[in-house]
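Q:
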Amino acid sequence: MKIIMYGKVCSIHVKIECEMLKEIEVTLLSGVKFIHAADLHLDSPFSGLKDMPSSILKELRESPFKAFQNIINEAIYHQVDFIVLSGDLFDGENRSLRTQVRFRTEMEKLQQHQIPAYIIHGNHDHLSGSWITVELPDNVHVFSGQTEVKRFEKIDGTTVHLYGFSYPRRQVRERMIETYIKAKGADYHIGLLHGNLEGNSEHSPYAPFSLKELAAKDFDYWALGHIHKHQVVSEDPLVIYPGNIQGRNRKESGVKGCMLIEFDGDMKRHSFIETSEVIWESETIELSAEGGFDALFKQCKEVIERKGFDGRSFLLELKLDAGDAAGTTGEYLEELTRILQEEDQGDSFVWVYKIKLIQSVPMFRSNERISPFLAEVSRLASEFDDTEAALAPLYNHSGARRFLDAIEPKEQSELLDEAERWLLHVFEVNK
Numbered sequence: 048m049k050i051i052m053y054g055k056v057c058s059i060h061v062k063i064e065c066e067m068l069k070e071i072e073v074t075l076l077s078g079v080k081f082i083h084a085a086d087l088h089l090d091s092p093f094s095g096l097k098d099m100p101s102s103i104l105k106e107l108r109e110s111p112f113k114a115f116q117n118i119i120n121e122a123i124y125h126q127v128d129f130i131v132l133s134g135d136l137f138d139g140e141n142r143s144l145r146t147q148v149r150f151r152t153e154m155e156k157l158q159q160h161q162i163p164a165y166i167i168h169g170n171h172d173h174l175s176g177s178w179i180t181v182e183l184p185d186n187v188h189v190f191s192g193q194t195e196v197k198r199f200e201k202i203d204g205t206t207v208h209l210y211g212f213s214y215p216r217r218q219v220r221e222r223m224i225e226t227y228i229k230a231k232g233a234d235y236h237i238g239l240l241h242g243n244l245e246g247n248s249e250h251s252p253y254a255p256f257s258l259k260e261l262a263a264k265d266f267d268y269w270a271l272g273h274i275h276k277h278q279v280v281s282e283d284p285l286v287i288y289p290g291n292i293q294g295r296n297r298k299e300s301g302v303k304g305c306m307l308i309e310f311d312g313d314m315k316r317h318s319f320i321e322t323s324e325v326i327w328e329s330e331t332i333e334l335s336a337e338g339g340f341d342a343l344f345k346q347c348k349e350v351i352e353r354k355g356f357d358g359r360s361f362l363l364e365l366k367l368d369a370g371d372a373a374g375t376t377g378e379y380l381e382e383l384t385r386i387l388q389e390e391d392q393g394d395s396f397v398w399v400y401k402i403k404l405i406q407s408v409p410m411f412r413s414n415e416r417i418s419p420f421l422a423e424v425s426r427l428a429s430e431f432d433d434t435e436a437a438l439a440p441l442y443n444h445s446g447a448r449r450f451l452d453a454i455e456p457k458e459q460s461e462l463l464d465e466a467e468r469w470l471l472h473v474f475e476v477n478k
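Taking my numbering, the leading residue of the sequence shown gets 48, the next gets one more, and so forth.
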């Protein structure tokens with residue numbers, strides 16, 4: 048038996064003398080390990096949060112940077128070979144100098160540990176924006192506005208081809224997946240793509256692609272970006288949206304983070320790493336008709352205290368399933384919210400940003416005792432189907448639209464139901 052080792056390849060030659068001489072060669076590949084993150088939105092404005100203490104607002108605005116620092120620390124701790132960032136590093140096309148300098152500082156930390164970073168820009172931080180350029184260290188590799196291949200090689204000879212492009216402008220609706228061509232000469236192939244998987248109607252259809260198209264490229268991994276919810280789209284081929292690294296509003300609830308990916312020959316492993324500094328969550332409280340304010344206040348306090356024991360910071364929405372007690376409960380929700388917000392907050396906080404009353408709209412519609420006027424209000428509300436036109440003045444406003452995300456169909460329905468409940472309550476109280 049003869050064993051030859053060179054670089055990453057271990058070739059074992061076995062000779063067996065029988066009727067004929069046979070030679071068997073086994074090739075073993077060395078592995079690679081990397082972190083995949085996307086949708087950092089480092090300079091998110093976090094607008095629209097009224098009555099929030101300045102200390103909490105400061106912590107919230109700082110949270111994307113701290114989440115990114117968590118990623119860098121994890122990369123160093125796990126001694127990864129490189130990191131990939133799949134678009135929307137910055138929230139706006141005109142990135143600030145402060146944000147860029149802070150980003151460079153984190154890249155320099157990676158450079159000290161000889162960890163490269165491979166980056167594509169997405170629809171938010173596209174290449175057509177105007178900004179003062181800050182020079183990045185040599186370990187940072189940014190893909191241009193056209194699909195290209197970058198090569199990574201480990202000290203043991205293991206090679207990786209990384210494929211990707213940065214958005215040359217804000218809207219890229221072409222099927223850029225067609226421009227990803229597998230190049231020979233590497234042990235592993237990774238595609239970076241900031242775009243929308245077909246069938247997902249909740250996000251802008253930029254750089255659309257199908258799972259079938261991804262599989263046809265025969266890559267080892269697809270490092271996706273654009274969708275802010277963590278999703279393992281496919282195990283074979285391995286296709287993952289890591290989600291964004293820090294929730295920015297109530298629709299981006301739950302823990303956020305990045306992916307740790309490990310290749311070892313044909314073996315692929317992936318694990319989720321939490322990075323979010325502040326977590327948006329909602330809790331539902333069921334109320335009894337006899338409880339009154341004191342019972343509700345106690346239940347709210349219990350939820351807040353339970354969250355506080357977690358040791359992390361939360362922005363909390365409380366949903367009150369009030370049932371028959373809905374009428375009286377609605378009268379003091381705003382005051383209850385202010386009382387809960389006045390509670391002492393430590394280093395980690397639980398801030399109740401909203402209390403929402405859950406009440407079934409159909410109970411109004413089926414109530415024969417309501418007046419003909421209220422019945423007509425309810426009927427008009429139930430038949431209303433022009434939400435987009437009603438919201439158009441906001442989305443067409445040059446100042447407001449920067450802070451607005453698209454409203455999903457489910458959310459539109461919830462807004463209509465909430466508006467109807469409010470109208471019926473106002474007219475019931477003041478009749």
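All residues carry an ideal CB built from backbone N, CA and C; glycine is no exception. All values derive from a computational prediction rather than experimental measurement.
So, is ASP341 buried or exposed, given that buried needs 16 or more other C-beta atoms within 10 angstroms?
A: Position 294 of the sequence shown, counted from the first residue, corresponds to residue 341. With fewer than 16 other Cβ atoms within 10 Å, it is exposed.
Q: So for GLU330, helix, strand or coil by DSSP?
A: Looking up residue 330 in the sequence shown gives position 283. Three-state DSSP puts GLU330 in a strand.
Q: Please state whether DSSP places GLU352 in a helix, a strand or coil.
A: Counted from its first residue, the sequence shown places residue 352 at position 305. Residue state, collapsed to three classes: helix.
Q: Let me make sure I understand the geometry here. Which of PHE319, GLY134 and GLY139 has the alpha-carbon closest to that of TYR165?
A: Numbered from its first residue, the sequence shown carries residue 165 at position 118. Here the closest residue by C-alpha is GLY134.
Q: To the nearest angstrom, how far is it from the Cα of CYS305 to the Cα of ALA369?
A: Residue 305 sits at position 258 when you count from the first residue of the sequence shown. Residue 369 sits at position 322 when you count from the first residue of the sequence shown. For CYS305 and ALA369, the distance between alpha carbons rounds to 38 Å.
Q: Take the Cβ of GLY393 as the centre, count every other Cβ of all protein chains shown within 10 Å, and call the residue buried at 16 or more, exposed below.
A: Mapped onto the sequence shown, residue 393 falls at position 346. Its Cβ having fewer than 16 others within 10 Å, GLY393 is exposed.
Q: Is the beta carbon of LEU183 less than 8 Å from the beta carbon of THR146?
A: By one-based count along the sequence shown, residue 183 stands at place 136. By one-based count along the sequence shown, residue 146 stands at place 99. Contact flag unset, no.
Q: Assign LYS229 to one of three DSSP states: helix, strand, or coil.
A: For the purposes of this step, residue 229 is taken as the residue at position 182 of the sequence shown. Three-state result, LYS229: coil.
Q: Would you kindly work out how many angstroms separate the C-alpha atoms of THR194 and THR226, rounded to a whole number?
A: Sequence index remark: in the sequence shown, residue 194 carries index 147 (1-based). Sequence index remark: in the sequence shown, residue 226 carries index 179 (1-based). The alpha-carbon atoms of THR194 and THR226 are separated by roughly 6 Å.
Q: Looking only at DSSP bridge pairs, what is HIS173 linked to?
A: Walking along the sequence shown from the start, residue 173 turns up at place 126. The partner list for HIS173 (beta bridge, DSSP) is empty, contrary to what the question assumes.
Q: Could you pull out every residue in the same chain whose Cβ sits closer than 6 Å to the Cβ of LYS276, ignoring the five residues on either side in sequence?
A: The residue labelled residue 276 in the question sits at position 229 within the sequence shown. So the qualifying residues of the chain are GLY290.
Q: Any idea which residues DSSP pairs GLN278 with across the strands?
A: The count along the sequence shown starts at 1 and reaches residue 278 at position 231. According to DSSP, GLN278 bridges with TYR288.
Q: Count the other C-beta atoms from every protein chain shown that fall within 10 angstroms of the C-beta of ARG142, then say buried if there are 16 or more, exposed otherwise.
A: Against the sequence shown, residue 142 aligns to sequence position 95. Buried is the call here.
Q: With the cut-off set at 8 Å, would you say GLN293 and GLU324 are in Cβ contact?
A: Taking the sequence shown and counting its residues from 1, one reaches residue 293 at position 246. Taking the sequence shown and counting its residues from 1, one reaches residue 324 at position 277. Cβ distance < 8 Å, so GLN293 and GLU324 count as in contact.
Q: Where are the alpha helix (DSSP H) runs, 4 residues long or more, that stay fully inside the segment 134-198, in chain order?
A: Those alpha helix (DSSP H) runs which fall completely within the segment 134-198 and span 4+ residues are 144-159.
Q: For the pair the segment 151-165 and the segment 186-201, tell me if three or more CB-CB distances fall below 8 Å.
A: Because the criterion of three Cβ pairs below 8 Å is met, the segment 151-165 and the segment 186-201 touch.
Q: Quick one, which of ILE103, ARG149 and SER101 has its alpha-carbon nearest ASP115's?
A: Against the sequence shown, residue 115 aligns to sequence position 68. Strictly speaking, residue 115 in this sequence is Phe, with Asp absent from that position. Of the candidates ILE103, ARG149 and SER101, the one whose C-alpha sits nearest the C-alpha of PHE115 is ARG149.
Q: If we count the other Cβ atoms within 10 Å of its Cβ and call it buried at 16 or more, is THR331 buried or exposed?
A: For the purposes of this step, residue 331 is identified with residue 284 of the sequence shown, where counting begins at 1. Exposed, because fewer than 16 other Cβ atoms sit within 10 Å of the Cβ of THR331.
Q: Of the choices PHE356, GLU423, ASP357 and LEU334, whose alpha-carbon is the least far from that of GLN346?
A: Position 299 of the sequence shown holds residue 346. Closest option to GLN346, Cα to Cα, is LEU334.
Q: Whether or not the segment 119-134 and the segment 294-303 are in contact is what I'm after, with contact meaning three or more pairs of Cβ atoms, one per stretch, closer than 8 Å; do they touch?
A: Taking 8 Å as the limit for Cβ pairs, the verdict is that the segment 119-134 does not touch the segment 294-303.
Q: Return the first residue and the last residue of the beta strand (DSSP E) that SER110 is part of.
A: Along the sequence shown, read from residue 1 onward, the residue named residue 110 stands at position 63. No beta strand (DSSP E) contains SER110, which is instead part of the alpha helix (DSSP H) from 101-124.
Q: How big is the Cα-Cα spacing for VAL196 and ASN186?
A: To locate residue 196, count along the sequence shown from 1; it is residue 149. To locate residue 186, count along the sequence shown from 1; it is residue 139. Straight-line Cα distance between these residues: approximately 16 Å.
Q: Evaluate contact between the segment 231-238 and the segment 202-210, counting only Cβ atoms and requiring at least three cross-stretch pairs below 8 Å.
A: With a cut-off of 8 Å, the segment 202-210 and the segment 231-238 count as touching, because enough Cβ pairs lie within range.
Q: Return the first residue and the last residue of the beta strand (DSSP E) that LYS97 is part of.
A: Your numbering for residue 97 matches position 50 in the sequence shown. Where LYS97 is concerned, there is no enclosing beta strand (DSSP E), given that its DSSP letter is neither H nor E.
Q: Does the beta-carbon of ARG295 have 16 or more other beta-carbons within 10 angstroms, so that it is buried, or is it exposed?
A: Residue numbering aside, residue 295 sits at position 248 when the sequence shown is read from its first letter. Counting Cβ neighbours within 10 Å, ARG295 comes out buried, since at least 16 surround it.
Q: Would you report the Cα separation of TRP269 and ASP391, rounded to the nearest angstrom?
A: On the sequence shown, position 222 is the one that residue 269 refers to. On the sequence shown, position 344 is the one that residue 391 refers to. Going from the Cα of TRP269 to the Cα of ASP391 covers about 45 Å.
Q: Does the segment 198-208 touch the segment 169-177, meaning 3 or more C-beta pairs lie closer than 8 Å?
A: Flag = no, the segment 169-177 and the segment 198-208 do not touch.
Q: What are the residues that DSSP puts in a beta bridge with HIS273?
A: Counted from its first residue, the sequence shown places residue 273 at position 226. Answer is none; HIS273 lacks a bridge partner.
Q: In whole angstroms, what separates the C-alpha of LEU136 from that of GLY169?
A: Position 89 of the sequence shown holds residue 136. Position 122 of the sequence shown holds residue 169. Rounded to whole angstroms, LEU136 to GLY169 spans 8 Å at the Cα level.
Q: Can you look up LYS259 in the DSSP assignment and give me helix, strand or coil?
A: For the purposes of this step, residue 259 is taken as the residue at position 212 of the sequence shown. LYS259 falls in the helix class under three-state DSSP.
Q: Under a Cβ-count criterion, where at least 16 other Cβ atoms within 10 Å of its own Cβ denotes burial, should ILE228 be classed as buried or exposed?
A: Walking along the sequence shown from the start, residue 228 turns up at place 181. Looking at its Cβ environment, which holds fewer than 16 other Cβ atoms inside 10 Å, ILE228 is exposed.
Q: I'd like the list of long-range same chain contacts for MET410, defined as Cβ closer than 7 Å, with 5 residues on each side in sequence excluded.
A: The residue labelled residue 410 in the question sits at position 363 within the sequence shown. Interpretation of MET410 is limited by its pLDDT of 48, a score under 50 that renders its predicted location unreliable; the figure taken from the coordinates is listed afterwards. Counting only Cβ-Cβ distances below 7 Å, and skipping sequence neighbours, we find nothing.
Q: Distance check for LEU107 and LYS113, CA to CA, integer angstroms please.
A: Here residue 113 refers to the residue found at position 66 when the sequence shown is read from its first residue. Here residue 107 refers to the residue found at position 60 when the sequence shown is read from its first residue. Taking the straight line joining both Cα atoms gives about 10 Å.
Q: What are the boundary residues of the beta strand (DSSP E) that GLU389 is part of?
A: Here residue 389 refers to the residue found at position 342 when the sequence shown is read from its first residue. Counting along the chain, GLU389 falls outside any beta strand (DSSP E), and DSSP gives it neither H nor E.
Q: Determine whether the beta carbon atoms of ILE82 and LEU307 lie at a separation below 8 Å.
A: In the sequence shown, counting from the first residue as 1, residue 82 sits at position 35. In the sequence shown, counting from the first residue as 1, residue 307 sits at position 260. Cβ distance < 8 Å, so ILE82 and LEU307 count as in contact.
Q: Taking the alpha-carbon positions, what's the ALA233 to ILE130 distance?
A: Numbered from its first residue, the sequence shown carries residue 233 at position 186. Numbered from its first residue, the sequence shown carries residue 130 at position 83. Each residue's alpha carbon lies about 18 Å from the other.
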